[in-house]
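J.: In the numbering used here, each residue's number is its place in the sequence shown (first place is 1) plus 889.
No residue lacks a Cβ here, since even glycine has one placed at the ideal position from N, Cα and C.
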Amino acid sequence: MGENSWGFVNQNGDTIIQLNKYKFLNPIDEEGMILAHSNGKSGYINIKQDTLIPFIYDDLSVFSHGLAPAKKNGKYGYLDRKGKVVIPFKYENESHFYKCRLASAKLGGKYGFIDQSGNEIIPIQFEKVRSNEIDSLVCAMKNGKWAFFSCSGKQLTDFKYDKITESYYDDRNYTYFLKGLCRVEKDSRVAYIDNEFNEIVPFGAYEVGESFRNHLAIVAQNGKYGIIDTLGKTIVPLKYDFIEHPTEYSNESNLFAIKKGQNIQLLDSNANPITDFDIKELEWDSYKTEDSYQRYFVLTNSSGMAGTVSDKGFIEIPFEYQEIKPFDGNKVTYAKKNGKYGLIDYNGKVVIPFEFDDAYSQKFFKHYVFEKNNKVGTFDENGNQIISFSYEDITPVFYDKNERFIVQQKGLFGVIDINENIIIPIEYEEISNWVEYGPKEHFVTKNGKKGLISRDGEIVIPTQYDEIFVDNSKLIKVKKDGLYGTVDWNNKIIHPIKYEQILWEWPYLTQESLDTIYVKENGKYFSTDTNGNVIDSKVSKKLIVEKFGYLLENE
890 MGENSWGFVN QNGDTIIQLN KYKFLNPIDE EGMILAHSNG KSGYINIKQD TLIPFIYDDL
950 SVFSHGLAPA KKNGKYGYLD RKGKVVIPFK YENESHFYKC RLASAKLGGK YGFIDQSGNE
1010 IIPIQFEKVR SNEIDSLVCA MKNGKWAFFS CSGKQLTDFK YDKITESYYD DRNYTYFLKG
1070 LCRVEKDSRV AYIDNEFNEI VPFGAYEVGE SFRNHLAIVA QNGKYGIIDT LGKTIVPLKY
1130 DFIEHPTEYS NESNLFAIKK GQNIQLLDSN ANPITDFDIK ELEWDSYKTE DSYQRYFVLT
1190 NSSGMAGTVS DKGFIEIPFE YQEIKPFDGN KVTYAKKNGK YGLIDYNGKV VIPFEFDDAY
1250 SQKFFKHYVF EKNNKVGTFD ENGNQIISFS YEDITPVFYD KNERFIVQQK GLFGVIDINE
1310 NIIIPIEYEE ISNWVEYGPK EHFVTKNGKK GLISRDGEIV IPTQYDEIFV DNSKLIKVKK
1370 DGLYGTVDWN NKIIHPIKYE QILWEWPYLT QESLDTIYVK ENGKYFSTDT NGNVIDSKVS
1430 KKLIVEKFGY LLENE
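In structure tokens:
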């Protein structure tokens, strides 16, 4: 129910817009309008599901400065919030009105800019155009070269730049000039220009030049890196092996990491030193405060001591720990001091004293596992003991990580809940946790024999088989004393355990229900249905090889 459909619920969980009506719903915008897709068409509704703009458009986007691009009969135009066509359907591209209140327009494969009345402000004759939400100017390309234009359409520079590079502004926007000088390229050389298009740093002054960030830029010459400001002045000399803004995925910090040999020094966003030049390792992470998530760095210095620095450049936890584990978005983490483990918060406050031999956890797991005298127990993030130190191992089950745990006691495994009630007896030599494509039940081994047990401790298949193979909801393949058979999910034998091989096509791959079983007896194959009734008493070896050759290479 509701597959590939969208709806709305309120903060109490009450359904406001039901599923199975709309293929897509955008969040409510500032005017109370909701972009929606239904029956292959797009329109706008309100929270009461009144139709504000009819569902007659092949495509429709969000509003910018009062107009939304729409597509009809293969062409794009613009609508106002009443659904009135303000700019006719004649363009080849979708665009939005940004800072200049101009939208890019494509006709005959060429680009230009139009205003909110559809007037052509910059002629539609260029190879490419660019604009953004921050700068009051736009760019156009002619014969492979870029030039700047004003919002009124006045050409501000010649078509002379091979590349114009924007600088990071915030998580959603980029800018040419508001974070420093604009980086431009010509003939494979880099220069920096100001907002009046003067060359502050001429072409070829540096072999490498990064975009400005917080009014500073990383540059390099002759293989050595430094940092310049918006006057082109060198504020960090070009003598380092490498300088970068630490990056994780798409996130890039304003801080600088400068490298010389094997050592790293961290600078703040103004290029002032935060640490000594003795950092060996740097890891970007996040922790949770009372009301938000904060980015920070775990640093390890040349003495092997770890501390943390905020993304704003402040030392938060001093370099006095042998190890600090990543917070992984939590407010506390493990740390090691004087050879023992404890728990600290993001300010370095000790939550659990340093008296444990080892510590481990898993991301998104709310309990912290400690080891002492070869026994393990757990604490919560406030330092309260949750599970006693009675076990040799504790691992959260994948389907209920904070309430149920696989534990080991006297070498055997079982499952307990958070109150240490036994859910699955601690009597198995092996017990599975997550298994790719596996069943929701646990595989278990007892006295060397395999079985299945439910998450609530009910025996599904007794531990009486040498091997169990589960990949569907109808039959389970079992092996005993070198021979194969099948049982159903009630452990009723369907195919007696007397055959040399049993095969079927994996329903996950065929996307069809299991229906045919191939059975080998005395070197020959026959086929049955899932109830064991014979379908074909003679199945050719060719068919078996075609279907299962990859499984039978050793036969």
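Leaving aside the five residues before and after A1080 along the sequence, list all residues of the same chain whose C-beta is less than 7 Å from its C-beta, in chain order.
T.: Excluding residues within five positions, the ones whose Cβ falls inside 7 Å are V1073, E1088, V1090, P1091 and F1092.
J.: Excluding sequence positions up to five away, which residues of its chain have a Cβ less than 8 Å from the Cβ of Y946?
T.: K930, S931, G932, A959, K960 and K961
J.: For M890, is the classification buried or exposed, using 16 other Cβ atoms within 10 angstroms of its Cβ as the cut-off for buried?
T.: Low per-residue confidence applies at M890: pLDDT is 39, beneath 50, and the placement is therefore not dependable, though the value from the model is reported in the following sentence. With fewer than 16 other Cβ atoms within 10 Å, it is exposed.
J.: Between the beta-carbon of P1314 and the beta-carbon of G1303, is there less than 7 Å?
T.: yes
J.: Distance, Cα to Cα, Y1288 vs E1016?
T.: If you draw a straight line from the Cα of Y1288 to the Cα of E1016, it comes to about 54 Å.
J.: State the DSSP-derived secondary structure class of T1197, mapped to helix, strand or coil.
T.: strand
J.: Between the C-alpha atoms of E983 and F1145, what's the straight-line distance to the nearest angstrom?
T.: 38 Å
J.: For I976 and I1003, which I take to be in contact (beta-carbon distance under 8 Å), what is that distance rounded to the nearest angstrom?
T.: Sure, about 7 Å apart at Cβ, within 8 Å.
J.: Is it right to say I936 is buried, meaning 16 or more other beta carbons lie within 10 angstroms of its own, or is it exposed?
T.: exposed
J.: Within the stretch 1003–1037, note down every full beta strand (DSSP E) run reaching 3 residues or more, in order along the chain.
T.: 1009–1015, 1017–1019 and 1026–1031
J.: Express the C-alpha separation of I1204 and K995 in angstroms, rounding to a whole number.
T.: The alpha-carbon atoms of K995 and I1204 are separated by roughly 51 Å.
J.: Secondary structure at Y987, three-state DSSP: helix, strand or coil?
T.: coil
J.: List the residues that DSSP assigns as beta-bridge partners of D1282.
T.: Per DSSP, the beta-bridge partners of D1282 are Q1297.
J.: If we require 3 or more residues per run, which beta strand (DSSP E) segments fall completely within the stretch 1288–1366?
T.: 1293–1298, 1301–1306, 1311–1317, 1331–1335, 1338–1342, 1348–1354 and 1356–1358
J.: For E1170, which residues of its own chain have a beta-carbon under 6 Å away from its beta-carbon, when the five flanking residues on both sides are left out?
T.: T1189
J.: Rounded to the nearest angstrom, what separates D1076 and K1052 at their Cα positions?
T.: 10 Å
J.: Tell me the start and end of each unbroken beta strand (DSSP E) in the stretch 1054–1132 that is at least 3 residues and wholly inside, in chain order.
T.: 1071–1075, 1078–1082, 1088–1090, 1105–1110, 1113–1118 and 1123–1129
J.: For K1031, which option in I1342, L1432 and Q1014 has the closest C-alpha, if you only look at C-alpha atoms?
T.: Q1014
J.: For the 8 Å Cβ check, are there 3 or more pairs between the stretch 1305–1312 and the stretch 1326–1336?
T.: No, the stretch 1305–1312 does not touch the stretch 1326–1336.
J.: In three-state DSSP terms, what is V951?
T.: coil
J.: Closer than 6 Å by C-beta to K1149: which residues in its own chain qualify, once you throw out the five before and the five after it? Chain order, please.
T.: Residues Y1129 and D1130 of the same chain have their beta carbon placed closer than 6 Å to that of K1149, with the five preceding and five following residues left out of the count.
J.: Rounding to the nearest angstrom, what Cα-Cα distance links T1399 and K1366 in this structure?
T.: 18 Å
J.: On the DSSP letters alone, give me the boundaries of the beta strand (DSSP E) that P1396 sits inside.
T.: First-last for P1396: P1396 to T1399, but that is the alpha helix (DSSP H), not the beta strand (DSSP E).
J.: In three-state terms, what does DSSP make of E920?
T.: coil
J.: Among the residues of its own chain, which have a CB less than 7 Å from the CB of F1208, if the five just before and after it don't count?
T.: Closer than 7 Å at Cβ, skipping near neighbours: N1190, M1194, A1195 and G1196.
J.: Find the nearest neighbour of I1382 within the set N1420, N1361, I1348 and V1018, judged by alpha-carbon distance.
T.: The shortest CA-to-CA distance from I1382 to any of N1420, N1361, I1348 and V1018 is the one to N1420.
J.: Enumerate in chain order the residues of its own chain whose CB-to-CB distance from V1239 is below 7 Å, with the five nearest sequence positions on each side excluded.
T.: G1231 and I1233
J.: Y1235 and K1220 - do their beta-carbons sit closer together than 7 Å?
T.: yes
J.: Under 6 Å: does the beta carbon of P1351 sit that close to some heavy atom of the ligand HEM?
T.: By its list of ligands, the structure shown contains no ligand whatsoever, and the ligand HEM lies outside what it can speak to.
J.: Residues in the same chain with beta-carbon distance under 6 Å from T1284, minus the five sequence neighbours each way, listed in chain order, please.
T.: I1295
J.: Determine the burial state of W1393: buried for a count of at least 16 other Cβ atoms within 10 Å of its Cβ, exposed for fewer.
T.: buried
J.: Measuring alpha carbon to alpha carbon, tell me which residue in G1202, F944 and F1166 is nearest Q1183.
T.: Measuring from the Cα of Q1183, the nearest candidate turns out to be G1202.
J.: Roughly how many angstroms separate the alpha carbons of V1125 and R1293, rounded to a whole number?
T.: 54 Å
J.: Does E1260 pass the burial test, meaning 16 or more other C-beta atoms within 10 Å, or should it be called exposed?
T.: buried
J.: Using C-beta distances below 6 Å, list every residue in its chain close to E1389, excluding the 5 sequence neighbours before and after it, in chain order.
T.: K1409
J.: The beta strand (DSSP E) with I1163 in it runs from where to where?
T.: Premise fails: I1163 is in no beta strand (DSSP E) and is neither H nor E.
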